[in-house]
Amino acid sequence: MPEYLGYQGRPQGVDWAGIADKAITGLEVIKKDRETQRAALEKSADDLVSASKEYKPGQSGSFNNLILSGADRVRTNTLDLKKELMAGRITPTEYKTRVGKMSEDWKYLGDYAKSYNDIVNKQVEYLNDPKASALGEYFLQKQANLADVANKQLVVDPNTNGIVMTDPDTGMVVDFKSLLIPENQTPEKVDLLGQVAGFTKNLGAVTGYDKGFWTKSAQLNPAYTKAKQNFASSLLKNPRSAASILSDYVGDYEFYETEQQKKNIPAGKGIQLVMGPNGIATPKLTPEQLKAAQAVIERQVDAEVDKLREKPEAVKYEAPNSAQVSEGQKQQRYANRRENLNAMFSDKSGKAATSYLKDLTYPGTKEKIEKISFAPDGHVQFQTYSMRTTKRKEKNKAGRYEFVDVVEKVINPQLRAPLGDQAIGVMNQILNTQGGDANIPIDFVYGASEFAPKANAPQKKKLPGT
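Quick note on this note's numbering: the sequence shown kicks off at 8 and runs consecutively.
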C-alpha cells in the first residue's frame, strides 16, 4: 500500500535546522594554518554525519526508508569528501561549498515535508480560479505524484552535491528548493483577450474601400500588419506567456520535464520545462510551437479589430423578377415594408425594432442583434452579441481535471451606430435577407418620413407592441 508524504507517518523529532547548522560548525573559526583548517573541516564532516543519525523513525515505513537511506548516502559522500580534503585533492573552500550545499538541501527537504499539505491544498483551491493555468495543473499533478515515496530515492547529485529525489516512474530528478518556490506552484495564465483588447483600442482606424465597400478599420492602415506582428512577438518574449497561449487557449498541449514523460505525449504537443538557475521552471518552446502561438495571437487581433468596424457594408439590391411576381403583389410587399420600417423607426424606445430584429444577424458580420436603441443625436444603436466556445477545467467522474467546451453568449462592447437614414437601410437589408420578404429596393438616404404608408396604399397590421 502506498504511503504518502504529508499524510501519514510524518517523521518525528528531526531537527532540520540543527542538521544544517551542525554541518558547518567551526568554519568561521578556521585558522590560516592548514592543519588547523583540516581539523576544523574534519569536525564539520563529523557533525554532519552525527546529525544525519539523529533521525527518529515515525510510523511511515516508506518515509523512514527514504530518509534513512538518504542519510546513509549523505554520510558516505561526506566521509569521501573528508578523505579528499585530508589528501589535499580538494581545497577547504571546495569542501565547505559541497558540505554546505548538502546541509542546505537537508533543510529544504524538511521544510517541504512539513508544508506539503498546505502546498497541495493551496493548489487545489487555485484550480477553481479563472486565472488558473494548465502549467499550474501540471505542478499540482507533479506534487501529487511525488507524494507516494514508496519507490523514490534520496541521492546526492555528483555534479552539484545537492540532495535530490529520483522518481523511476517519470525519470524526474527533483530538488526540494524548487518545489517550495511559489512560481512553481500557482502560475496564472496569460490574459490574452485583455491584452489584445488593450492593443486594438489604440490602433488608428483608416477609412477606405475594402472588398467592394467603403468602411473604416485599422486593418486599412498600412502599418497594421507590422504593428500586429510586433505585438505578438512582445507577448512571446515571456516563455510562460507563450506556453499559456498554446496550453490554455488552444488546448491539447502538455508539459514534460523528461524524455520518459515526452513519450506519452502526441508529437509536437509536448512543451518542455527546464529549471533555470533560480529554480523556476521555464517552458522551452520549439520554433514550430512559437510560430503556432504567434498565429493564435494575430488571429485574435484580426477578430477584435473586425468587431470595431464602424460602418456596415452597403445594402445590395436585386430587382424583383417581374415574371415571378405580379405588379400588385410587388406593391403590396412594398407597402408592408414601408409600414414595418416606419413602425420600427417611429418607436424611439427601441422596443418595436428590438422585438422584430432580435437574434437576427447584423449585415456584414456574424454578430446577432441583442437590443436596439435610439440616441438623441440621431444615431440608431445596435447592440450585438456573439457566441463563443471556450475551454474550462472541470472535474470528470474519475476525479481528474480536464478541459471541456463551454458555449457562452458574449455581448460585444462596441455599439454599431449608423445615422437615422443609414439605419433604415440596415433594417431593410436585414428584412431582405432574413425577414421572409426579399429584394425590396428602398433608397435609404431618405429620412423616416419617406417610409410612412401612403393613404391609398394597401395596409398591413403593425408590429406587436407598436
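By construction, the Cβ of each residue, glycine as well, lies at the ideal position given by its N, Cα and C atoms. If you're wondering where the values come from, they're calculated on a predicted model, not measured in any experiment.
Boundaries (first-last residue) of the beta strand (DSSP E) holding residue i
| i | result |
| --- | --- |
| Leu-161 | 160-163 |
Sequence-distant residues of the same chain with beta carbon closer than 7 Å to residue i, five excluded per side
| i | result |
| --- | --- |
| Ala-239 | Gln-301, Ile-304, Glu-305 |
| Val-452 | Note on Val-452: pLDDT 29, under 50, position unreliable in the model; the coordinate value appears next. Hits under 7 Å: Asp-428. |
| Leu-348 | Ile-431, Met-434, Asn-435, Phe-458 |
| Tyr-256 | Leu-199, Val-303 |
| Tyr-119 | Phe-183, Leu-186, Leu-187 |
| Lys-108 | Thr-167, Asn-168, Gly-169 |
Beta bridge counterpart(s) of residue i as assigned by DSSP
| i | result |
| --- | --- |
| Glu-266 | DSSP output for Glu-266 lists no bridge partner at all. |
| Thr-396 | Val-414 |
| Val-387 | Phe-381 |
| Val-213 | Ser-224 |
| Met-282 | Ala-288 |
| Arg-423 | Phe-389 |
| Lys-375 | Thr-368, Tyr-392 |
| Lys-404 | BP columns for Lys-404 are empty, so no partner. |
| Glu-195 | Ala-139 |
| Glu-190 | According to DSSP, Glu-190 bridges with nothing at all. |
| Glu-409 | Glu-401 |
Residue from the options whose Cα sits closest to the Cα of residue i
| i | options | result |
| --- | --- | --- |
| Glu-195 | Ser-362, Glu-415, Gly-143 | Gly-143 |
| Tyr-260 | Glu-409, Pro-420, Arg-105, Gly-107 | Glu-409 |
| Lys-184 | Pro-294, Tyr-341, Ala-288, Arg-395 | Ala-288 |
| Pro-294 | Val-308, Ala-250, Asn-271 | Ala-250 |
| Asn-285 | Lys-314, Pro-189, Leu-242 | Pro-189 |
| Gly-178 | Gly-169, Lys-244, Lys-121, Glu-266 | Glu-266 |
| Lys-497 | Pro-246, Asp-313, Val-257 | Absent from the structure is residue 497, since the part of the chain shown begins at 8 and ends at 473. |
| Leu-253 | Ala-299, Thr-85, Ala-230 | Ala-299 |
| Val-413 | Asp-136, Lys-398, Gly-371, Tyr-231 | Lys-398 |
| Ile-376 | Gln-388, Asn-191, Gln-148, Pro-229 | Gln-388 |
| Leu-200 | Leu-242, Lys-373, Val-180 | Leu-242 |
| Pro-175 | Leu-187, Asn-166, Asp-155, Pro-165 | Asp-155 |
| Asn-72 | Leu-367, Ala-157, Asn-435 | Ala-157 |
| Gly-385 | Glu-401, Ala-430, Met-282 | Ala-430 |
| Leu-280 | Tyr-263, Lys-269, Ile-272, Asn-271 | Tyr-263 |
| Tyr-341 | Ala-360, Pro-425, Asn-439 | Asn-439 |
| Leu-392 | Val-162, Pro-137, Arg-344, Val-417 | A small fix is needed here, since residue 392 is Tyr in this sequence, not Leu. Nearest C-alpha to Tyr-392: Val-417. |
| Val-180 | Gln-160, Met-394, Val-197 | Gln-160 |
| Ser-122 | Leu-187, Gly-277, Ile-97 | Leu-187 |
| Asp-164 | Gly-211, Lys-223, Asn-84 | Asn-84 |
| Lys-244 | Thr-207, Ala-274, Lys-269, Leu-297 | Leu-297 |
| Met-172 | Glu-346, Lys-269, Phe-381, Ser-76 | Ser-76 |
| Asn-419 | Lys-373, Asn-135, Asn-209 | Lys-373 |
| Arg-82 | Asn-168, Gln-390, Glu-132, Pro-383 | Asn-168 |
| Val-510 | Val-197, Phe-206, Tyr-231, Gln-202 | As shown, the chain starts at 8 and ends at 473. That puts residue 510 outside it, with no answer to give. |
| Lys-378 | Thr-396, Arg-395, Gly-357, Met-394 | Gly-357 |
Boundaries of the alpha helix (DSSP H) in which residue i is found, first to last residue
| i | result |
| --- | --- |
| Thr-289 | Not the alpha helix (DSSP H): Thr-289 falls in the beta strand (DSSP E), residues 288-291. |
| Thr-207 | 199-208 |
| Tyr-363 | 358-364 |
| Asp-309 | 294-314 |
heavy atom of the ligand MG below 8 Å from residue i C-beta
| i | result |
| --- | --- |
| Asn-347 | Looking at this structure, you won't find the ligand MG or any other ligand, since it has none at all. |
Chain-order list of residues whose beta-carbon lies under 8 Å from that of residue i (same chain, five-residue window excluded)
| i | result |
| --- | --- |
| Ala-151 | Val-127 |
| Gln-130 | Gly-143, Phe-146, Leu-147, Gln-150, Gln-192, Thr-193 |
| Gln-226 | Asp-217, Asp-309, Val-312, Asp-313 |
| Gly-283 | Thr-289 |
| Gln-441 | Leu-367, Thr-368 |
Same chain only: Cβ atoms within 6 Å of residue i, ignoring 5 sequence neighbours per side
| i | result |
| --- | --- |
| Val-36 | The predicted model places Val-36 with a pLDDT of 38, which falls under 50 and marks its position as unreliable, so this point remains unresolved. |
| Ala-424 | His-386, Gln-388 |
| Ala-141 | Ser-254, Asp-255 |
| Pro-229 | none |
| Lys-60 | Residue placement at Lys-60 cannot be trusted, given a pLDDT of 47 that sits under 50; what the coordinates show is reported in the next sentence. Excluding sequence neighbours, Lys-60 sits near nothing in its chain. |
| Ile-97 | Glu-91 |
Worksheet item: Which residue spans inside the segment 124-187 form an unbroken beta strand (DSSP E) run of at least 3?
Response: Runs found: 160-163, 170-174, 179-182.
Item to complete: Only counting runs of 3 or more residues, tell me where the beta strand (DSSP E) segments fall wholly within the segment 234-278, in order along the chain.
Response: As summarised for the segment 234-278, the continuous beta strand (DSSP E) elements at least 3 residues long and confined to that stretch are 261-263, given in chain order.
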